[in-house]
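Protein chains in written order, with our numbering: chain U, 496 to 695; chain B, 496 to 695.
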DNA sequence: ATAAACTCTTAAACTAGTTCATTTTTTTTC
DNA sequence: GAAAAAAAATGAACTAGTTTAAGAGTTTAT
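What follows is the structure, encoded as structure tokens:
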């Protein structure tokens, strides 16, 4: 069967961990909602109750909170083939603390809370898929939370470039600073310094 | 049916997310290995290949890495009713970077890689259990990784006391410093300062 | 019960990262 | 394609957290 590009992408993502029959694939796709967000528009804002978990099929988004001083702290960047959302709010139905804003025109597939529950009833194999997806995410967040407290800002920047070479060129230095956990001014100094080292 | 204390503890932990029949409970328990670790002994050391994922039934352990300078960075403290291990090494079969050391005489239940796989074949419901367990862990690690980069050491200490009141009195100040990501000297200053504030 | 080995406290000098202010460069908008 | 807005660079003064050192208080092992 021939699927549209975004559907092929999400089915391939799922095929990393579980095999679906044609029927299951179609059932699964029927549970998803297509969403588009223009650059600079919000997919989610603090105070809202999170309705969906998202898979990005095109574009780039940043997920962040604002602290009491209004300074942004970026939790992740999400590009094609990434999953994002606010799982805490999605599960608890409490209002989210996060903003998700498109940094490029973006296209997503969303699964609602009701369909997420339904999915496990209809195709129990998805328990395994999410078990493995969460397991992988967990491994990378454990690493990140350790790096956040044990590495210098410069080392975190070098790690980021190594781990996300595709993302580093699509985001502003300012947003990268918000992810690394430093000011844009200090980010600028680090980049100058690291590039000087590499070119010498 | 009447179970020994450690078995009741782990079965209750699992019952938060899935219901098991008596037969399934017994099957599950048969896949576990009992382990005891004396205070100051290692459950795991960097370079080893991780054989088990662990559930603590008694005691307290610290999970940490050593950086190039030999300074410890504590990833988590695990007490009764907590799960621990190095999932990255457990899954990939690569050598671990972690040390796990008992800070009190401890008792654990371990599941081996082979039995973990077997578990999903024999009792597929466990996919759901681990999906939900990892989902919850993920939520708390996402929060921690954000706090690591966006909160001051003093705020992280206050958060830790609030979130883990049972743990804070069982560990040394030095180990807490290793978790918060600061030196023991600065930890001492923060504690003096925070207690002074509270008593005034 | 005592020595040895840690852990905690305090303080002075230091460094990584912040803040604030200004200028230059790049991107967005009409 | 010019004007406006946002991002990036640079520098000086500042603050949170480190380092080193030394002494006091606790825990551990015999």
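By construction, the Cβ of each residue, glycine as well, lies at the ideal position given by its N, Cα and C atoms.
In this structure, what does DSSP give as the bridge partners for residue i?
i                      : result
residue 594 of chain U : U:559
residue 537 of chain U : U:596
residue 516 of chain U : In the DSSP output, where bridge partners are listed per residue, residue 516 of chain U has none listed.
residue 483 of chain B : As displayed, chain B neither begins before 496 nor continues past 695, which places residue 483 of chain B out of reach and without an answer.
residue 545 of chain U : Beta-bridge pairing links residue 545 of chain U to no other residue.
residue 532 of chain U : U:601
residue 606 of chain U : U:527 and U:548
residue 509 of chain B : In DSSP, residue 509 of chain B forms no bridge with anything.
residue 572 of chain B : B:557
residue 579 of chain B : B:549
Are any of the Cβ atoms in chain U nearer than 8 Å to that of residue i?
i                      : result
residue 485 of chain B : Beyond the ends of chain B as shown, which are 496 and 695, falls residue 485 of chain B; an answer cannot be given.
residue 496 of chain B : no
residue 583 of chain B : yes
residue 676 of chain B : yes
residue 626 of chain B : yes
residue 633 of chain B : yes
residue 511 of chain B : no
residue 570 of chain B : yes
Does chain B have any CB closer than 8 Å to the CB of residue i?
i                      : result
residue 679 of chain U : no
residue 589 of chain U : no
residue 630 of chain U : yes
residue 643 of chain U : yes
residue 682 of chain U : no
residue 636 of chain U : yes
residue 564 of chain U : no
residue 640 of chain U : yes
Work out the CA separation of residue j and residue i for me, nearest whole Å.
i                      : j                      : result
residue 500 of chain U : residue 516 of chain U : 19 Å
residue 664 of chain B : residue 525 of chain U : 52 Å
residue 616 of chain U : residue 672 of chain B : 45 Å
residue 642 of chain U : residue 626 of chain U : 24 Å
residue 558 of chain U : residue 522 of chain U : 29 Å
residue 607 of chain U : residue 527 of chain U : 8 Å
residue 621 of chain B : residue 563 of chain U : 41 Å
residue 660 of chain U : residue 602 of chain B : 43 Å
residue 568 of chain U : residue 496 of chain B : 51 Å
residue 593 of chain U : residue 686 of chain U : 28 Å
residue 595 of chain B : residue 609 of chain U : 40 Å
residue 535 of chain U : residue 554 of chain U : 12 Å
residue 556 of chain B : residue 637 of chain B : 22 Å
residue 611 of chain B : residue 633 of chain U : 17 Å
residue 589 of chain U : residue 540 of chain U : 13 Å
residue 667 of chain U : residue 505 of chain B : 47 Å
residue 658 of chain U : residue 640 of chain B : 16 Å
residue 684 of chain B : residue 669 of chain B : 12 Å
residue 624 of chain U : residue 600 of chain B : 37 Å
residue 537 of chain B : residue 572 of chain B : 14 Å
residue 544 of chain B : residue 605 of chain B : 14 Å
residue 689 of chain B : residue 682 of chain B : 10 Å
| If contact means a Cβ-Cβ distance below 8 Å, which residues of the region 593-624 of chain B contact chain U? | Per Cβ criterion, the list reads 615, 619, 622 and 623.
| the region 541-549 of chain B in contact with the region 577-588 of chain B per 3-pair CB rule at 8 Å | Touching, yes, given that three or more Cβ pairs across the two stretches are closer than 8 Å.
| Should the region 676-688 of chain U be called in touch with the region 635-653 of chain U, which here means at least 3 C-beta pairs below 8 Å? | yes
| query | the region 536-560 of chain U: which residues have C-beta closer than 8 Å to a C-beta of chain B, in chain order? | reply | Taking 8 Å as the Cβ-Cβ cut-off against chain B, the residues of the region 536-560 of chain U that qualify are 560.
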